[in-house]
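The opening position of the sequence shown corresponds to residue 12 in the working numbering, with each subsequent residue numbered one higher.
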Amino acid sequence: MESAAIDPDRIPMRTLASGATMPAIGFGTFGSDHVDHGRVAGAVQAALRVGYRHLDCAAVYGNERTIGEVLAASSLPRDDLWVSSKVWNDRHDDVAGACEATLRDLQLDHLDNYLVHWPFPNHHDPHVDVTARHRDAVAFSAERYLDTWGQMEALVDRGLTRHIGTSNMTAAKLDAVWDHLRITPAVNQMELHPHFQQPALSAYLKSHGVEPIGFCPLGSPGRPTRDRTPEDSSPIDDPTVTELAHARGVHPAAICISWAVTNGHTPIPFSTSPINMAANLRAALDPLTDAEMGRLTTTDRGCRLIKGQVFLWREGQDWRDLWDEDGTIAG
Ligand SMILES: NC(=O)c1ccc[n+]([C@@H]2O[C@H](COP(=O)([O-])OP(=O)(O)OC[C@H]3O[C@@H](n4cnc5c(N)ncnc54)[C@H](OP(=O)(O)O)[C@@H]3O)[C@@H](O)[C@H]2O)c1
């Protein structure tokens with residue numbers, strides 16, 4: 012079943028520190044290890060038809076080549092699209108090679124944004140379970156990150172990407188490197204939804220001219236098993252979210268998207284369903300009232316879903332060691 016397209020000119024835009032504008036909602040492309048690459052590419056094709064103009068890609072999702080076929084077959088002008096990708100953790104020492112491979116796969120001559128996917132060079136293979144650890148996993152090092160960032164800056168100099176950004180960074184880690192950046196990040200991609208609102212990090216980013224991009228904006232109901240724990244909660248099942256959705260006659264997912272866009276985030280929901288894609292895009296055009304936003308402030312449970320256990324570097328560590336919750340970076 013197809014769904015009515017939304018005029019892309021109606022999508023709200025974020026103005027970045029560079030002055031460039033980016034659609035304030037994007038389309039995620041992670042198949043969560045169970046949606047195969049062909050179906051993700053089909054979803055991207057449908058998303059472009061529905062009106063999405065911002066795509067969130069990553070080499071580690073394994074599907075950039077099939078998405079590239081969709082982009083090559085599209086008649087949309089390149090300048091109408093905002094395409095992001097990310098360097099995976101095993102290429103921090105060869106960022107140029109990784110970016111060139113992504114550009115070849117996506118069949119593009121430049122990206123709009125290229126992000127460092129995680130601040131650790133700790134690799135994991137697709138489909139691993141929560142106990143997997145990289146043999147040579149290490150703690151965050153500002154020196155090593157700055158070396159990777161210098162390679163990112165060189166991509167901007169070469170015109171391979173218009174902007175560069177961070178992902179899964181914390182305020183403590185950004186503080187540790189900020190004064191040494193020649194080109195500052197345009198965005199930080201981070202988990203954001205009504206059960207994990209991260210107001211302090213969002214405010215920190217805004218005050219530094221960095222746009223927060225929200226992943227898992229619906230609480231990632233299809234996420235891999237390695238990213239599920241018994242204490243996890245689901246924002247689309249939250250009673251307040253559900254009540255507000257009922258009052259507006261929409262799905263709770265639409266409330267999550269409207270909340271994100273009203274809050275100044277750029278959510279990047281994924282969907283295989285054109286009906287859901289269109290509903291999410293429509294929600295981005297539909298801001299919430301102050302009263303609704305006020306009610307949603309109370310739904311924050313501090314519930315991080317993507318905890319990142321597979322990136323830990325020492326035996327017996329807690330996943331909180333990845334996130335600098337007390338403002339110090341674990342060594
Ligand atoms: N930087 C990072 O480390 C990082 C980490 C995680 C994710 N990401 C990015 O963020 C994107 C989004 O995260 P995500 O895909 O994990 O989670 P998500 O967007 O929160 O959730 C996607 C799921 O929600 C369902 N859904 C979508 N719209 C819906 C609607 N209107 N009503 C009901 N269900 C709906 C989809 O099912 P249907 O297919 O049935 O619609 C799909 O299972 C990823 O694709 C990826 O690009 C980045």
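Glycine included, each C-beta is placed from N, C-alpha and C at the ideal position. Just so we're clear, the structure is a prediction, and the values are computed from it rather than from any experiment.
Q) My guess is that residue 262 and residue 290 are in contact by the Cβ rule of under 8 angstroms, so how many angstroms apart are they, rounded? A) As a first step, residue 262 is located in the sequence shown; it is residue number 251 there, counting from the start. As a first step, residue 290 is located in the sequence shown; it is residue number 279 there, counting from the start. With a Cβ gap of about 6 angstroms, residue 262 and residue 290 count as contacting.
(Q) Please report the distance separating the alpha-carbon of residue 119 from that of residue 97. (A) Counted from its first residue, the sequence shown places residue 119 at position 108. Counted from its first residue, the sequence shown places residue 97 at position 86. Answer to the nearest angstrom: the Cα atoms are 14 angstroms apart.
Q: State yes or no: is the C-beta of residue 61 nearer than 8 angstroms to some heavy atom of ligand 1?
A: Residue numbering aside, residue 61 sits at position 50 when the sequence shown is read from its first letter. No - ligand 1 has no heavy atom lying nearer than 8 angstroms to the Cβ of residue 61.
Q) How close, in whole Å, do the beta carbons of residue 285 and residue 61 come, if the pair is a contact with beta carbons under 8 angstroms? A) Counting from 1 along the sequence shown, the entry for residue 285 is found at position 274. Counting from 1 along the sequence shown, the entry for residue 61 is found at position 50. The Cβ separation is near 6 angstroms, so the contact holds.
Q: Using 8 angstroms as the cut-off, classify the Cβ of residue 205 as near or not near the heavy atoms of ligand 1, replying yes or no.
A: To locate residue 205, count along the sequence shown from 1; it is residue 194. Flag unset: Cβ of residue 205 not near ligand 1.
Q) Which word fits residue 13, buried or exposed, when buried means at least 16 other C-beta atoms lie within 10 angstroms of its C-beta? A) Counting from one through the sequence shown, the residue named residue 13 turns up at place 2. Residue placement at residue 13 is poorly supported in this model, since its pLDDT is 47, which falls under 50; the coordinates still yield a value, given next. Classification for residue 13: exposed.
**Q.** Beta-bridge partners of residue 177, as assigned by DSSP
**A.** Counting from 1 along the sequence shown, the entry for residue 177 is found at position 166. In the DSSP output, where bridge partners are listed per residue, residue 177 has 127 and 199.
Q) Do the region 31-42 and the region 87-104 make contact, defined as three or more Cβ pairs closer than 8 angstroms? A) yes
Q.
If we define contact as Cβ-Cβ less than 9 angstroms, is residue 197 a contact residue for chain D?
A. Protein chain content of the structure displayed is limited to a single chain, and chain D is not contained in it.
(Q) Give me the DSSP bridge partner(s) of residue 189. (A) Counted from its first residue, the sequence shown places residue 189 at position 178. None, per the DSSP bridge assignment.
Q: Count the other CB atoms, across all protein chains shown, that sit within 10 Å of the CB of residue 176; report buried if there are 16 or more and exposed otherwise.
A: Taking the first residue of the sequence shown as position 1, residue 176 is located at position 165. Buried: at least 16 other Cβ atoms inside 10 Å.
Q: Would you tell me roughly how many angstroms separate the C-alpha atoms of residue 333 and residue 209, rounded to the nearest one?
A: For the purposes of this step, residue 333 is taken as residue 322 along the sequence shown, with counting starting at 1. For the purposes of this step, residue 209 is taken as residue 198 along the sequence shown, with counting starting at 1. Residue 333 and residue 209: Cα-Cα distance of roughly 15 angstroms.
Q.
Counting C-beta neighbours from all protein chains within 10 Å, is the total for residue 64 16 or more, i.e. buried, or is it exposed?
A. For the purposes of this step, residue 64 is taken as the residue at position 53 of the sequence shown. Answer is buried; the Cβ neighbour count reaches 16.
Q.
Looking at residue 322: is its Cβ nearer than 9 angstroms to the Cβ of residue 153?
A. Position 311 of the sequence shown holds residue 322. Position 142 of the sequence shown holds residue 153. No, these two residues do not count as a Cβ contact at 9 angstroms.
Q. Taking DSSP as the reference, what is the three-state secondary structure of residue 312?
A. Sequence index remark: in the sequence shown, residue 312 carries index 301 (1-based). Of the three classes helix, strand and coil, the one that applies to residue 312 here is coil, per DSSP.
Q) From which residue to which residue does the alpha helix (DSSP H) around residue 116 run? A) By one-based count along the sequence shown, residue 116 stands at place 105. Residues 106-117.
Q.
Check this for me: beta carbons of residue 229 and residue 267, under 9 angstroms apart or not?
A. Stepping through the sequence shown from its first residue, residue 229 is reached at position 218. Stepping through the sequence shown from its first residue, residue 267 is reached at position 256. Contact: yes.
(Q) Only counting the same chain, and skipping five residues up and downstream in sequence, which positions put a Cβ closer than 6 angstroms to that of residue 207? (A) In the sequence shown, residue 207 corresponds to position 196, counting from 1. Once the five neighbours on either side are set aside, the close Cβ partners of residue 207 are 314 and 315.
Q) Taking the C-alpha atoms as reference points, what is the distance between residue 307 and residue 251? A) Taking the first residue of the sequence shown as 1, we reach residue 307 at position 296. Taking the first residue of the sequence shown as 1, we reach residue 251 at position 240. Roughly 7 angstroms between the two C-alpha positions.
Q: Provide the residue(s) that pair with residue 207 in DSSP beta bridges, ordered along the chain.
A: As a working note, residue 207 is residue 196 in the sequence shown. Note: residue 207 sits in a beta bridge opposite 204.
Q: Give the DSSP bridge partners of residue 318, in chain order.
A: Within the sequence shown, residue 318 is the residue found at index 307, counting from 1. None; residue 318 has no bridge partner.
(Q) Please classify residue 301 as buried or exposed, where buried requires at least 16 neighbouring CB atoms within 10 angstroms. (A) As a first step, residue 301 is located in the sequence shown; it is residue number 290 there, counting from the start. Exposed, because fewer than 16 other Cβ atoms sit within 10 Å of the Cβ of residue 301.
Q.
In whole angstroms, give me the CA-to-CA distance for residue 128 and residue 325.
A. What you label residue 128 is simply residue 117 of the sequence shown in a count that begins at 1. What you label residue 325 is simply residue 314 of the sequence shown in a count that begins at 1. So the alpha carbons of these two residues sit roughly 21 angstroms apart.
(Q) Alpha carbons only, please: which of 293, 27, 130 and 341 is nearest the one belonging to residue 19? (A) Indexing the sequence shown from 1 puts residue 19 at position 8. Among 293, 27, 130 and 341, the Cα nearest to that of residue 19 is on 293.
Q | Coil, strand or helix - residue 222 by DSSP | A | For the purposes of this step, residue 222 is taken as the residue at position 211 of the sequence shown. In this structure, residue 222 counts as strand in the three-state DSSP scheme.
Q.
Given this structure, state the Cα-to-Cα distance separating residue 211 from residue 84, to the nearest angstrom.
A. Within the sequence shown, the letter at position 200 stands for residue 211. Within the sequence shown, the letter at position 73 stands for residue 84. C-alpha separation (whole angstroms): 42 angstroms.
Q. Cβ of residue 284 within 8 angstroms of any heavy atom in ligand 1?
A. Position 273 of the sequence shown, counted from the start, is the residue given in the question as residue 284. Indeed, a heavy atom of ligand 1 lies less than 8 angstroms from the Cβ.
Q. Are three or more beta carbon pairs between the region 270-280 and the region 220-228 nearer than 8 angstroms?
A. yes
Q: Report yes or no: do three or more beta-carbon pairs, one from the region 44-62 and one from the region 240-260, lie closer than 8 angstroms?
A: no
Q. Using CA coordinates, which residue listed in 335, 59, 116 and 156 is at the minimum distance from residue 101?
A. The residue labelled residue 101 in the question sits at position 90 within the sequence shown. It is 156.
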